[in-house]
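> Going by my numbering, the sequence shown opens with residue 1, and the numbers climb by one from there.
Ideal placement from N, C-alpha and C gives every residue a C-beta, glycine not left out.
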Amino acid sequence: LAGLRLAKDVGAREIKIFTDSQLVASQVLGEYQAKNDNLQEYLRLVQEMVAMFDSVNIKHVPRGDNTRADILSKLASTKKKKGGNKSVIQEILPHPSIKGRAPSTLTVMDINVYSIKDGTSWMTKYYDYLAHGHLPKDEKEAKTIQRKASSYCLMHDKLYRRGISNPLLRCIDEGDVDYILREVHEGINGQHPGGRSLARKVLRAGYYWPTMQEDAKEHVKKCDSCQRHADMILAPPKELNTLSSPWPFTWWGMDILGPFTTGLHGGKYLIVGVDYFTKWVEAEVIPNIADVTILRFFKKNILARFGIPQAVVTDNGTQFTDKNFQEFLAAIKTKQHFTSVEHPQTNGQAESANRVILRGLKRRLEEGKDKWVEELWSVLWAYRTTPHSTTGETPFRLTYGTEAVIPVEVEELTWRTTQPLSNEENNEAIREELDLIEELRTAASLREASLKQKVAARHNLKVINREFEVGSLVLRRNAKDTHHGKLTANWEGPYRVRAKTDHGGYHIETL
1 LAGLRLAKDV
11 GAREIKIFTD
21 SQLVASQVLG
31 EYQAKNDNLQ
41 EYLRLVQEMV
51 AMFDSVNIKH
61 VPRGDNTRAD
71 ILSKLASTKK
81 KKGGNKSVIQ
91 EILPHPSIKG
101 RAPSTLTVMD
111 INVYSIKDGT
121 SWMTKYYDYL
131 AHGHLPKDEK
141 EAKTIQRKAS
151 SYCLMHDKLY
161 RRGISNPLLR
171 CIDEGDVDYI
181 LREVHEGING
191 QHPGGRSLAR
201 KVLRAGYYWP
211 TMQEDAKEHV
221 KKCDSCQRHA
231 DMILAPPKEL
241 NTLSSPWPFT
251 WWGMDILGPF
261 TTGLHGGKYL
271 IVGVDYFTKW
281 VEAEVIPNIA
291 DVTILRFFKK
301 NILARFGIPQ
311 AVVTDNGTQF
321 TDKNFQEFLA
331 AIKTKQHFTS
341 VEHPQTNGQA
351 ESANRVILRG
361 LKRRLEEGKD
371 KWVEELWSVL
381 WAYRTTPHST
391 TGETPFRLTY
401 GTEAVIPVEV
411 EELTWRTTQP
421 LSNEENNEAI
431 REELDLIEEL
441 RTAASLREAS
451 LKQKVAARHN
461 LKVINREFEV
471 GSLVLRRNAK
481 DTHHGKLTAN
491 WEGPYRVRAK
501 TDHGGYHIET
511 L
């Protein structure tokens with residue numbers, strides 16, 4: 001009524017009304033009867049107002065889709081300090097639109113079963129048969145009703161179903177389903193149970209309709225509080241997408257470690273670059289993470305040593321999204337791929353190298369944490385000369401074609417340190433290794449691909465596909481509001497899906 005009056009005041013002639021109350025929409029459209037005195041009076045006033053417009057279109061929308069009205073109602077109920085600005089213009093109605101007694105609180109036992117005799121309810125066929133002996137003309141349908149009617153009975157002109165959990169279950173019309181589910185689910189005696197528990201609780205309370213379990217599940221899916229406090233979804237939404245480099249030094253992952261305790265020459269951070277094929281790691285101590293520092297590392301440690309890469313994978317840090325860095329990559333025709341802010345595992349190669357380096361530093365430093373800069377070279381040497389689990393070879397051998405001499409071979413002599421080759425023999429051996437390195441790299445690549453297939457197969461067994469269309473309203477994991485402690489909601493939003501990305505990613509926007 002308030003909305004109709006507002007539309008009339010602004011001079012509207014054609015209006016569309018959207019309401020999440022199926023009862024109200026159906027009563028105004030004449031599909032349901034208004035048997036309550038107050039409802040009849042309200043319906044009369046609405047019909048008088050509707051007659052003042054040239055065209056009125058009334059449509060029922062699910063409560064979960066009526067987002068604009070919900071947001072406005074929440075904004076309108078938000079308390080503001082005296083003198084504070086309001087973003088919503090409000091009209092306060094001090095009195096009801098109808099005269100007489102105020103609407104009383106409706107209890108579950110006050111629900112009226114309506115539309116039975118009008119032929120608009122699922123109960124009509126059973127009521128007509130039990131009350132008047134009427135059956136449809138179709139013989140097959142008539143026999144079905146006769147057989148099923150044995151489970152129903154009439155008491156005080158109301159239909160009941162003979163139950164097992166309860167002797168008699170009150171049959172409920174579609175128009176009352178929403179109220180009953182809301183009252184049991186989130187009312188004063190509700191604790192937001194799941195769909196299955198909600199249906200059983202309604203059944204034990206003494207009500208029945210044919211689709212109660214399905215309706216209960218749908219009601220829980222649309223409950224805002226249940227969605228926000230739902231458990232975190234740990235199952236992956238998409239099958240695993242693996243990255244493979246076709247040749248050494250064509251794909252690099254870059255990441256930053258730190259801040260650390262200030263070390264030698266003011267070093268506080270560590271920038272790491274790792275090749276996706278050989279697993280070779282380049283790392284450098286830096287005093288800051290400014291964009292010029294990152295660009296200088298890329299030029300000196302990657303570009304000048306290994307040539308122009310095909311692609312670089314980074315996170316969304318400002319130093320990697322800097323205009324100068326991106327323009328330089330574009331100038332040398334190197335593609336830049338970004339990892340998700342909420343899912344850094346996308347740059348798994350760099351993250352794995354970071355863990356190994358950090359673990360090595362911790363174990364070597366013990367109490368002298370400020371000596372990490374001096375110990376970095378030995379950690380990198382150990383990483384480069386240790387066989388990698390995916391390739392079965394050391395990064396050093398995949399890069400240079402031969403194994404590096406490590407300190408233990410100097411103390412406890414091996415064959416190659418006991419019988420050093422002459423310059424001619426050494427050069428010939430190196431040329432032979434370089435001729436055979438392609439076969440070595442191919443075998444390492446096949447081994448890595450096989451291992452990634454096994455990992456992907458195990459990962460894909462846990463996948464529960466979740467896809468959203470552009471325009472869908474979604475919630476995302478709550479990473480902001482934590483001041484409520486354990487009472488903080490697990491999910492925040494809603495947000496609208498703006499665009500899809502490859503491999504299950506989405507761009508979202510605030511409403």
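(1) If you count every other CB in all the chains shown that lies within 10 Å of the CB of S551, and 16 or more means buried, which is it?
(2) Compute the distance between the beta-carbons of V313 and T293, then report whether it is under 8 Å.
(3) Tell me the DSSP secondary structure of M123 in three-state form.
(4) Tell me which residue opens and which closes the alpha helix (DSSP H) that T144 is part of.
(5) What residues in its chain sit with their C-beta under 7 Å from that of S104, if we drop five residues either side in the sequence?
(6) Determine the closest residue to Q310 out of K300, A330 and F320, with distance taken between C-alpha atoms.
(7) Where does T394 land, buried or exposed, given buried means 16+ other C-beta within 10 angstroms?
(8) Which runs of the alpha helix (DSSP H), 4 residues or longer, sit entirely within the stretch 299-369?
(9) Assess contact between the stretch 217-226 and the stretch 274-290, defined as three or more Cβ pairs (one per stretch) separated by less than 8 Å. Is contact present?
(10) C226 lies in the alpha helix (DSSP H); which residues open and close that run?
(11) Could you check where the beta strand (DSSP E) with K59 kicks off and where it finishes?
(12) Who are the near neighbours of L4 in its chain, counting only those whose CB is closer than 6 Å to its CB and skipping five residues on each side?
(13) Output needed for H23: all residues of its chain with C-beta closer than 6 Å, excluding positions within five of it in sequence on either side, in chain order.
(14) Under the three-state reduction of DSSP, which class applies to I34: helix, strand or coil?
(15) Mind pulling the alpha helix (DSSP H) runs of 4 or more residues that sit fully within the stretch 224-302?
(16) Could you say if the stretch 204-213 and the stretch 247-254 meet the contact criterion of at least three C-beta pairs nearer than 8 Å?
(17) Leaving out five residues before and five after R228 in sequence, what residues of the same chain have Cβ atoms less than 6 Å from its Cβ?
(18) On the DSSP bridge assignment, give the partners of W491 in chain order.
(19) If you reduce the DSSP assignment to three classes, tell me which class A12 lands in.
(20) Have a look at H60, Q27 and K59 and flag the residue whose alpha-carbon is nearest the alpha-carbon of L45.
(21) Buried or exposed: which applies to I464, given that a residue is buried once 16 or more other Cβ atoms fall within 10 Å of its Cβ?
(22) Within its chain, find whatever has a CB closer than 6 Å to the CB of L168; leave out the 5 residues flanking it on each side and keep chain order.
(23) Tell me the DSSP secondary structure of A457 in three-state form.
(24) Taking Cβ to Cβ, would you say K217 is nearer than 8 Å to G195?
(25) Verify whether the separation of the beta carbon atoms of I437 and G401 is less than 8 Å.
(26) According to DSSP, is I406 helix, strand or coil?
(27) Just tell me which of Q40, H192 and I58 has its CA closest to the CA of F18.
(28) Only counting runs of 4 or more residues, tell me where the alpha helix (DSSP H) segments fall wholly within the stretch 157-214, in order along the chain.
(29) For R13, which of M52, Y42 and A449 has the nearest alpha-carbon?
(30) Please determine whether the Cβ atom of S445 lies at a distance below 7 Å from any heavy atom of the ligand MN.
(31) Which parts of the stretch 372-424 are runs of the alpha helix (DSSP H), unbroken and 4 residues or longer, counting only runs that do not cross its ends?
(32) Helix, strand or coil, according to DSSP, for M155 in the structure here?
(33) Apply the 10 Å Cβ neighbour rule to Q319 and answer buried if 16 or more other Cβ atoms are within range, or exposed otherwise.
(34) With DSSP collapsed to three states, give me the class of V46.
(35) So, at 7 Å on beta carbons, what are the nonlocal neighbours of N478 in its own chain, with the 5 sequence-adjacent residues on each side left out?
(36) Candidates A429, L264 and Y269: which alpha carbon is nearest G258's?
Taking the coordinates as given:
(1) Lying before the first or after the last residue shown, residue 551 is absent from the chain, which here runs from 1 to 511.
(2) Locating residue 313 in the sequence shown gives position 313, where the first residue counts as 1. Locating residue 293 in the sequence shown gives position 293, where the first residue counts as 1. It is not a contact, given that the beta carbons lie outside the stated cut-off.
(3) For the purposes of this step, residue 123 is taken as the residue at position 123 of the sequence shown. Annotated three-state conformation of M123 is coil, per DSSP.
(4) For this step, residue 144 is matched to residue 144 along the sequence shown. First-last of the alpha helix (DSSP H) with T144: E139 to A149.
(5) Residue numbering aside, residue 104 sits at position 104 when the sequence shown is read from its first letter. Confidence at S104 is low in this model, with a pLDDT of 38, below 50, so its placement is unreliable and the value that follows should be read with caution. There are no such residues.
(6) By one-based count along the sequence shown, residue 310 stands at place 310. The residue with the shortest Cα to Cα distance from Q310 is A330.
(7) Within the sequence shown, numbered from 1, the residue matching residue 394 stands at position 394. Classified as buried, T394 has 16 or more neighbouring CB atoms from the shown chains inside 10 Å of its CB.
(8) Segments of the alpha helix (DSSP H) lying fully in the stretch 299-369: 323-331 and 348-365.
(9) no
(10) Position 226 of the sequence shown, counted from the start, is the residue given in the question as residue 226. Start and end: D224 to R228.
(11) Position 59 of the sequence shown, counted from the first residue, corresponds to residue 59. Run containing K59: S55 to H60, per the beta strand (DSSP E) assignment.
(12) Locating residue 4 in the sequence shown gives position 4, counting from the first residue. Cβ-Cβ distances below 6 Å link L4 to M49 in the same chain, with the five nearest sequence neighbours on each side left out; the list follows chain order.
(13) Sequence index remark: in the sequence shown, residue 23 carries index 23 (1-based). The sequence shown places Leu at residue 23, not His. Correct list, in chain order: G175.
(14) Reading the sequence shown from its first residue, position 34 is the one you call residue 34. In the sequence as presented, Ile is not what sits at residue 34; that position holds Ala. Looking at A34 - three-state DSSP - the assignment turns out to be coil, as it is neither helix nor strand.
(15) 224-228 and 291-297
(16) no
(17) Translated into positions along the sequence shown, residue 228 becomes position 228. Only A489 and W491 meet the Cβ criterion.
(18) As a position in the sequence shown, residue 491 is number 491, starting the count at 1. Answer is R477, bridged to W491.
(19) Locating residue 12 in the sequence shown gives position 12, where the first residue counts as 1. Note: A12 maps to coil in three-state DSSP.
(20) Against the sequence shown, residue 45 aligns to sequence position 45. Ranking H60, Q27 and K59 by Cα distance to L45 puts Q27 first.
(21) Here residue 464 refers to the residue found at position 464 when the sequence shown is read from its first residue. By the neighbour-count rule (16 or more Cβ atoms within 10 Å), I464 is not buried but exposed.
(22) One-based indexing of the sequence shown puts residue 168 at position 168. Only Y160 meet the Cβ criterion.
(23) Here residue 457 corresponds to residue number 457 of the sequence shown, with the count starting at 1. Note: A457 maps to helix in three-state DSSP.
(24) For the purposes of this step, residue 217 is identified with residue 217 of the sequence shown, where counting begins at 1. For the purposes of this step, residue 195 is identified with residue 195 of the sequence shown, where counting begins at 1. For K217 and G195, yes; Cβs fall inside 8 Å.
(25) Start at 1 with the first residue of the sequence shown, and residue 437 comes out as number 437. Start at 1 with the first residue of the sequence shown, and residue 401 comes out as number 401. It is a contact, given that the beta carbons lie within the stated cut-off.
(26) Reading the sequence shown from its first residue, position 406 is the one you call residue 406. Three-state result, I406: coil.
(27) For this step, residue 18 is matched to residue 18 along the sequence shown. Each of Q40, H192 and I58 was checked against the Cα of F18, and the nearest Cα belongs to I58.
(28) Whole alpha helix (DSSP H) segments, 4+ residues: 174-186 and 195-205.
(29) Along the sequence shown, read from residue 1 onward, the residue named residue 13 stands at position 13. Out of M52, Y42 and A449, M52 has the C-alpha closest to the C-alpha of R13.
(30) Looking for the ligand MN in the displayed structure turns up nothing, as the structure carries no ligands at all.
(31) 372-384, 395-400, 408-411 and 415-418
(32) Within the sequence shown, residue 155 is the residue found at index 155, counting from 1. Of the three classes helix, strand and coil, the one that applies to M155 here is strand, per DSSP.
(33) Looking up residue 319 in the sequence shown gives position 319. By the Cβ neighbour-count rule, Q319 is buried, with 16 or more other Cβ atoms within 10 Å of its own.
(34) For the purposes of this step, residue 46 is identified with residue 46 of the sequence shown, where counting begins at 1. Correct three-state label for V46: helix.
(35) Position 478 of the sequence shown, counted from the first residue, corresponds to residue 478. Taken in chain order, the residues that qualify are T488, A489, N490, W491 and E492.
(36) Along the sequence shown, one-based indexing puts residue 258 at 258. Considering only alpha carbons, the answer is Y269.
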